[in-house]
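Asker: Protein sequence lines, in the order shown, are assigned to chains A and B.
Using my numbering, you'd call the opening residue of the first sequence number 249 and step up by one each time.
Using my numbering, you'd call the opening residue of the second sequence number 360 and step up by one each time.
We treat Cβ as the ideally placed atom computed from N, Cα and C, and that holds for glycine.
Quick caveat, the model's predicted, so the values are computed rather than measured.
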Amino acid sequence: MKHFSRMPALLAALFLLAGTASAQNVLIRHATVHTAGVRGTLKNADVLVRGGIIRAVGAGLALPSGIAVVEANGRPLTPGLFGGLSDIGLEEVSAEDSTIDSGLAFGSNSQPAQMRPEFDVTLAYNPDSVLIPVARLDGLTFTALSANSGQGGSLIAGQGSVVRLDGKYAAPLGGHLLYTAIGSAADPLGGKSRAGQYMLLDQALREARGRTPYGSPNALLTPAGRETLARYLAGGHVLFNVDRAVDIHQVLAFARRNKLHPIIVGGAEAWKVASELAAANVPVIIDALQNLPDSYDRLGSRLDNAALLHRAGVRVAFTQFEFASTNARKVRQEAGNAVANGLPWESGLAGLTSVPAAALGVGDKVGRIDVGLIGDLVLWDGDPLEVTTLAEQVWMSGKAMPMTSRQTELRDRYLAPPTAMPRAYSGN
Amino acid sequence: MLKPLLAGFLLALTTSASATLPDPYPSTYRPIPSNPVLIRDTTILTGTGERLDDVDLLIVDGKISAIGKAIVAPEHATIVDGKGHWVTPGIIDVHSHLGVYASPGVNANQDGNELTNPVTPNVWAEHSIWPQDPGFGTALAGGVTSMQILPGSGNLIGGRGVTVKNVYANTYQAMKFPGAPWGLKMACGENPKRVYGEKNQAPSTRMGNVAGYRAAFLEAQAYQRSWDKYNAGKDKDDDGKSKDDPPATDLRLETLVGVMKGDIRVHIHCYRADEMSTMLDLAKEFGFHIAAFHHGVEAYKIADRLAAEGVCGALWADWWGFKMESLDGIEENLALVDRPKNGCAIVHSDSPEGIQRLNQEAAKAMAHGARVGINMPPERAIRWLTANPAKALGIDAMTGTLEPGKMADVVVWNGTPFSVYAHADKVFIDGALLYDRDNPRLQPKSDFMLGQGVSP
Numbered sequence: 249m250k251h252f253s254r255m256p257a258l259l260a261a262l263f264l265l266a267g268t269a270s271a272q273n274v275l276i277r278h279a280t281v282h283t284a285g286v287r288g289t290l291k292n293a294d295v296l297v298r299g300g301i302i303r304a305v306g307a308g309l310a311l312p313s314g315i316a317v318v319e320a321n322g323r324p325l326t327p328g329l330f331g332g333l334s335d336i337g338l339e340e341v342s343a344e345d346s347t348i349d350s351g352l353a354f355g356s357n358s359q360p361a362q363m364r365p366e367f368d369v370t371l372a373y374n375p376d377s378v379l380i381p382v383a384r385l386d387g388l389t390f391t392a393l394s395a396n397s398g399q400g401g402s403l404i405a406g407q408g409s410v411v412r413l414d415g416k417y418a419a420p421l422g423g424h425l426l427y428t429a430i431g432s433a434a435d436p437l438g439g440k441s442r443a444g445q446y447m448l449l450d451q452a453l454r455e456a457r458g459r460t461p462y463g464s465p466n467a468l469l470t471p472a473g474r475e476t477l478a479r480y481l482a483g484g485h486v487l488f489n490v491d492r493a494v495d496i497h498q499v500l501a502f503a504r505r506n507k508l509h510p511i512i513v514g515g516a517e518a519w520k521v522a523s524e525l526a527a528a529n530v531p532v533i534i535d536a537l538q539n540l541p542d543s544y545d546r547l548g549s550r551l552d553n554a555a556l557l558h559r560a561g562v563r564v565a566f567t568q569f570e571f572a573s574t575n576a577r578k579v580r581q582e583a584g585n586a587v588a589n590g591l592p593w594e595s596g597l598a599g600l601t602s603v604p605a606a607a608l609g610v611g612d613k614v615g616r617i618d619v620g621l622i623g624d625l626v627l628w629d630g631d632p633l634e635v636t637t638l639a640e641q642v643w644m645s646g647k648a649m650p651m652t653s654r655q656t657e658l659r660d661r662y663l664a665p666p667t668a669m670p671r672a673y674s675g676n
Numbered sequence: 360m361l362k363p364l365l366a367g368f369l370l371a372l373t374t375s376a377s378a379t380l381p382d383p384y385p386s387t388y389r390p391i392p393s394n395p396v397l398i399r400d401t402t403i404l405t406g407t408g409e410r411l412d413d414v415d416l417l418i419v420d421g422k423i424s425a426i427g428k429a430i431v432a433p434e435h436a437t438i439v440d441g442k443g444h445w446v447t448p449g450i451i452d453v454h455s456h457l458g459v460y461a462s463p464g465v466n467a468n469q470d471g472n473e474l475t476n477p478v479t480p481n482v483w484a485e486h487s488i489w490p491q492d493p494g495f496g497t498a499l500a501g502g503v504t505s506m507q508i509l510p511g512s513g514n515l516i517g518g519r520g521v522t523v524k525n526v527y528a529n530t531y532q533a534m535k536f537p538g539a540p541w542g543l544k545m546a547c548g549e550n551p552k553r554v555y556g557e558k559n560q561a562p563s564t565r566m567g568n569v570a571g572y573r574a575a576f577l578e579a580q581a582y583q584r585s586w587d588k589y590n591a592g593k594d595k596d597d598d599g600k601s602k603d604d605p606p607a608t609d610l611r612l613e614t615l616v617g618v619m620k621g622d623i624r625v626h627i628h629c630y631r632a633d634e635m636s637t638m639l640d641l642a643k644e645f646g647f648h649i650a651a652f653h654h655g656v657e658a659y660k661i662a663d664r665l666a667a668e669g670v671c672g673a674l675w676a677d678w679w680g681f682k683m684e685s686l687d688g689i690e691e692n693l694a695l696v697d698r699p700k701n702g703c704a705i706v707h708s709d710s711p712e713g714i715q716r717l718n719q720e721a722a723k724a725m726a727h728g729a730r731v732g733i734n735m736p737p738e739r740a741i742r743w744l745t746a747n748p749a750k751a752l753g754i755d756a757m758t759g760t761l762e763p764g765k766m767a768d769v770v771v772w773n774g775t776p777f778s779v780y781a782h783a784d785k786v787f788i789d790g791a792l793l794y795d796r797d798n799p800r801l802q803p804k805s806d807f808m809l810g811q812g813v814s815p
């Protein structure tokens, strides 16, 4: 992709629009529109958002009156990006327990808790988190809130959902997602053996099917938990955090037996079972920078995991694991690296947009630039997968979002030369 | 009269408590023999701040021999067509835990933090290095030719770090960078006070941290005095040796005395501007120099002072928020630390993933600098990965720039290194081609990876 030279004129034009920032109407003209959909990339195209919804996409759209117009000058326009599976809004400072709401821990280290699949982290989502503007500044407009299980948690961690990063209370989008895990990372939750993990999952599903009377010894689920799990037996997405090839194979078989709709998360060795994943039409959400044999579940980690999966016909999306919330923005770098290691560019962008949106059940609302979808858009100053590219403007529901965050406020405070007064008086 | 006195003086010098004693675990690294290499018609970022286009670079006997136009290839030279490629010094990571926190991250490989005492200057990271860490090979594919391997940050004074060449070997001694000084790892802030606070012992607060550093250096000063007194003793035997019993050698205090003498370089894990400033005062109190603050996410707040005092900031491009002391991280940190006169910004990794893409980390920081008007051309930014870490490690006379006479630690990239699409095509260490993206036989594999069934 051509790297566009930065144009201060455009930025100035955007600032002029500040007065209309609350409007949910915008016409972006002469962009290189990466639709992430069947229309592919449209050169010199316009996108019209009205009432927060994309109404038209194409060249030479008529200019309606009373709508803010942004001249893109050929720059790339993409759908708002997927921030991966994160705890944005559930975790303010990773190392501070008091700021974290993403996991239940009723049990002790040696005694896994009763399973509580009814646990729903979306209730704890804080749209005022400072992480949200940070993520959005890098073009991330939606993320899948994930339920975590650590010490004292349960193998079925609970539920989350997709949220849009617009800072509103009504952020959840689409249905609920159920999170569980297989492998050594989940050891404390499954009696220290992955076979124990399958045993517990199997037992929970039996209970959900009503095959176990209430109050049976060693029962895992509450009545609410049974109802919750039963819903996933009837549909809904179950995210299995699993890396080892044979475990992915087992998870696919387990899902088939139980008529679940699995999504593989992690999938470090997914390339080894790529054809099986493709045959089952199961998407995989990976960290594309995961190339080290850093555990015995991930000995087969490779930089071309995404490329190999894609070649076999598997849908691949990206997430960040190291700092999934604070540095969710690193997903863009992942996609670029996947492309640098053999994934077609369009599939790299799809892994940040249409693939995760569809996989998580919100593909009719976000993840593509198409008529009828929410007007979440990003205008970039260059190739959106390139690390030197920055987002020039993010729109959510057609509204130009402020391109500021706690980080830019800190930056601006310290960019200025010092004065006699402490910087606490800098006025920002 | 004069002669014996002088002899005694010399003897005193060589027997005093000193980190300059011969290394008991000396480097056995030898450059791998290589033919001359001529890289033709390429773009070179020298690491000295220069960019040269359409030039040749000649390597002879493991050293940079010449850079210029139309260099004549010596006999038996390997010719590399550099057209369209960029050539840089080998990347140097000032902060790695490869080998001491090796992959796979099983319990047996957790060798980086000696968490039995908050002050352990007696431990040396090199004694924990597992040379078969698969991470060395992946770092090499990212153009990393040297790195400092440090103890972790759980202790106030974590121990000695060691600088190595990124070559696979059966022993760490065969990786050890010849002539590189040791580093001393120290840590501010949350980690030591958390680790020991949870054990209900000191330190459990930041003030406890500082009391801990001071107590350790006061002890080292007393230790040095006891050696000075012994060496100055007038009651000598015929050979000029003191008849007094020498003080017992203390490995902990030997390291700290080495720091105060300037033989061992100080590398401090320190996030916050206020804590870095405390450490600068501590360094004055005990008469040592700090080579670099590592992880200084707030370094931008005191960039002028760091530059004025000749202290480097070893930084990430975008890590922040994972703990309170990292809350104020900004993406312009590197550019702002680089900005003052004599500013010394370094991109470091502290991560087996990050070390593979330090070029990309630098690229991110360049873009953010440019957005706020701090122009950062490639020839300047490359110093963050090469000359500046070399300076912090005290190996800048040997490597870190492409200048005649320097070690031929060289990376040939497929284009600009400051891109997500950049690949190190060829990596030379002391003139030997040790990684070639086009040749699987020149892509090293650790012993550990044999037989693991992980090839497609």
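Quick one: what's got a C-beta closer than 8 Å to A/Phe367's C-beta in the same chain, skipping five residues either side?
Answerer: Counting only Cβ-Cβ distances below 8 Å, and skipping sequence neighbours, we find Leu352, Ala395, Ala405, Gly406 and Gln407.
Asker: Across which residues does DSSP place A/Arg298 in a beta bridge pair?
Answerer: DSSP, once it has assigned bridges, lists A/Ile301 as partnering A/Arg298.
Asker: Looking at the unbroken alpha helix (DSSP H) that takes in B/Met725, where does it start and where does it end?
Answerer: Note, B/Met725: alpha helix (DSSP H), Leu717 to Arg730.
Asker: 7 Å is my cut-off, CB to CB: does B/Lys660 come that close to chain A?
Answerer: B/Lys660 counts as touching chain A.
Asker: Can you tell me where the alpha helix (DSSP H) with A/His497 in it begins and where it stops?
Answerer: It spans Ala493 to Asn506 - the alpha helix (DSSP H) in which A/His497 sits, taken as one unbroken run.
Asker: So the candidates are B/Thr522, B/Pro477 and B/Gly502; which of them puts its Cα closest to the Cα of B/Ala484?
Answerer: Residue B/Thr522 is the option with its Cα nearest to B/Ala484.
Asker: Taking a Cβ distance cut-off of 9 Å, strictly less, list which residues of the stretch 517-539 of chain B are near chain A, in chain order.
Answerer: Of all residues in the stretch 517-539 of chain B, none has a Cβ within less than 9 Å of some Cβ in chain A.
Asker: Which of the three DSSP states is assigned to A/Val292 in this structure?
Answerer: Reading off the sequence, residue 292 of chain A comes out as Asn, not Val. Strand at A/Asn292.
Asker: Going by the DSSP bridge assignment, what does A/Pro510 pair with across the sheet?
Answerer: DSSP lists A/Val486 as partners of A/Pro510.
Asker: Over the uninterrupted alpha helix (DSSP H) stretch that includes A/Ile380, give me the two end residues.
Answerer: Residues Leu379 to Leu385.
Asker: Would you mind working out which of B/Asp806, B/Ala676 and B/Gly518 sits nearest B/Pro740, comparing C-alpha positions?
Answerer: Note on identity: in this sequence residue 740 of chain B is Ala, with Pro being the wrong assignment. Minimum Cα distance to B/Ala740 is reached at B/Ala676.
Asker: Are the CB atoms of A/Val564 and A/Gly611 nearer to each other than 7 Å?
Answerer: For A/Val564 and A/Gly611, no; Cβs fall outside 7 Å.
Asker: Looking only at DSSP bridge pairs, what is B/Gly672 linked to?
Answerer: According to DSSP, which records beta bridges pairwise, B/Gly672 is partnered with B/Phe652 and B/Ala704.
Asker: Measuring straight from C-alpha to C-alpha, what distance separates A/Val274 and A/Leu625?
Answerer: Approximately 11 Å, taken between the alpha carbons.
Asker: Check for me: the beta strand (DSSP E) holding A/Ala310 runs from which residue to which?
Answerer: A/Ala310 -> no beta strand (DSSP E), and no H or E assigned at all.
Asker: Tell me, which residues are paired with A/Gln641 by DSSP?
Answerer: Partner(s): A/Leu627.
Asker: Expressed to the nearest angstrom, what Euclidean distance is found between the alpha-carbon atoms of B/Lys804 and B/Ala722?
Answerer: Cα to Cα, the separation comes out at about 28 Å.
Asker: Please state whether the Cβ-Cβ distance between A/Leu403 and A/Leu477 is less than 7 Å.
Answerer: Result no, Cβ atoms of A/Leu403 and A/Leu477 do not sit closer than 7 Å.
Asker: Output yes or no for whether 7 Å exceeds the beta carbon distance between B/Asn468 and B/His435.
Answerer: Contact: no.
Asker: Determine which residues share a DSSP beta bridge with B/Phe681 and list them.
Answerer: DSSP, once it has assigned bridges, lists no residue as partnering B/Phe681.
Asker: Answer yes if the stretch 429-444 of chain A comes into contact with the stretch 548-559 of chain A, meaning at least three C-beta pairs across the two stretches below 8 Å, and no otherwise.
Answerer: Segments in contact, no.
Asker: Tell me, please, which residues DSSP counts as bridged to A/Ala392.
Answerer: Paired residues: A/Leu333 and A/Val410.
Asker: Drop a sphere of 10 angstroms on the beta-carbon of B/Ser814, count the other beta-carbons inside from all chains shown, and report buried for 16 or more, exposed for fewer.
Answerer: B/Ser814 is exposed by the Cβ-count criterion.
Asker: If you reduce the DSSP assignment to three classes, tell me which class A/Phe683 lands in.
Answerer: A question about residue 683 of chain A goes unanswered here, because the residues of chain A that appear run from 249 up to 676.
Asker: Would you please verify whether the beta carbon of B/Gln719 is less than 7 Å from any beta carbon of chain A?
Answerer: It does; some Cβ of chain A falls within 7 Å.
Asker: Do B/Gly688 and B/Glu672 have their beta-carbon atoms positioned less than 7 Å apart in this structure?
Answerer: For clarity, residue 672 of chain B is Gly in the given sequence; the question names Glu instead. Cβ distance not < 7 Å, so B/Gly672 and B/Gly688 don't count as in contact.
Asker: Against chain A, does B/Pro711 count as a neighbour if the rule is that its beta carbon must be under 7 Å from one of theirs?
Answerer: Interface residue, yes.
Asker: Can you name the residues of chain A whose CB is closer than 8 Å to the CB of B/Gln811?
Answerer: Those are Pro541, Leu547 and Gly548, listed as they occur along chain A.
Asker: Is B/Pro448 helix, strand or coil by DSSP?
Answerer: If DSSP states are grouped into helix, strand and coil, B/Pro448 belongs with the strands.
Asker: Since A/Val521 and A/Ile430 should fall inside the 8 Å C-beta cutoff, what is the C-beta to C-beta distance between them, to a whole number of angstroms?
Answerer: Not really, about 13 Å apart at Cβ, beyond 8 Å.
Asker: Residues of the stretch 468-495 of chain B with a CB closer than 8 Å to any CB of chain A: list them in chain order, please.
Answerer: So the list reads Pro493 and Gly494, given in the order they occur along the chain.
Asker: So the candidates are A/Ile301, A/Val378, A/His558 and A/Val318; which of them puts its Cα closest to the Cα of A/Leu338?
Answerer: When each option's Cα is compared against that of A/Leu338, the closest is A/Val378.
Asker: Mind checking whether B/His830 and B/Val779 have CB atoms under 7 Å apart?
Answerer: With chain B represented from 360 up to 815, any question about residue 830 of chain B goes unanswered, as that position is not in the structure.
Asker: Measure from the C-beta of B/Phe645 to each C-beta in chain A and report whether the shortest distance is under 7 Å.
Answerer: With 7 Å as the cut-off, B/Phe645 does not count as an interface residue toward chain A.
Asker: B/Asp795 bridges to which residues according to DSSP?
Answerer: According to DSSP, which records beta bridges pairwise, B/Asp795 is partnered with B/Lys785.
Asker: CB A/Ala560 to CB A/Ser523, shorter than 7 Å?
Answerer: Result yes, Cβ atoms of A/Ala560 and A/Ser523 sit closer than 7 Å.
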